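A.B. asks: Shown below is the structure under consideration.
Residue numbers (full-length UniProt numbering): 1 to 110.
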C-alpha cells in the first residue's frame with residue numbers, strides 16, 4: 001500500500017519497454033492473516049505491529065484497485081488453508097465465483 005507510486009513507475013516503465021503486466025492480489029480472511037503474523041513472529045522473530053497490519057488492510061485493496069487499471073491482466077486470489085489458491089476476481093471476467101456480493105464486501109471494491 002505504501003509503495004503505490006513506486007509500483008506505478010515500475011509498471012509504466014515496463015509497459016514502455018513492451019512488457020505485458022500481470023498483477024496478482026492475495027486475499028485471506030483477517031483472522032487467518034493475524035494467525036500467520038503470529039506464526040512468523042514465533043518462528044523467526046518478525047513482528048508486525050497492529051498499526052502496520054491495520055494500515056495494510058485498508059491500503060492494499062485501494063492500491064490494487066488503482067494498479068489493476070494499469071495492468072494488462074489482474075487477479076485476486078484466495079489463499080486460505082485450502083488445497084490450492086483460488087481465483088476470486090479476474091480483470092477480464094469480473095468476480096469468478098458465485099458469491100459476488102460477498103466478495104464485494106471483502107473491501108476490494110472492484
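Here a beta-carbon is modelled for each residue, glycine too, at the ideal position from N, C-alpha and C. If you're wondering where the values come from, they're calculated on a predicted model, not measured in any experiment.
What distance in whole Å lies between the Cβ atoms of residue 73 and residue 86, which are believed to be in contact at a cut-off of 8 angstroms?
C.D. replies: Their Cβ separation, rounded to whole angstroms, is 17 angstroms, which puts residue 86 and residue 73 out of contact at 8 angstroms.
A.B. asks: List the whole-angstrom C-beta distance separating residue 95 from residue 64, where the pair is believed to meet the contact cut-off of C-beta under 8 angstroms.
C.D. replies: Contact flag wrong, Cβ pair sits at about 14 angstroms.
A.B. asks: In the DSSP assignment, what residue or residues form a beta bridge with residue 77?
C.D. replies: Note: residue 77 sits in a beta bridge opposite 26 and 87.
A.B. asks: So who's on the other strand from residue 45, going by DSSP bridges?
C.D. replies: Partner(s): none; residue 45 has no beta bridge.
A.B. asks: What residue from 24, 35 and 10 has the CA that sits closest to residue 75's CA?
C.D. replies: 24
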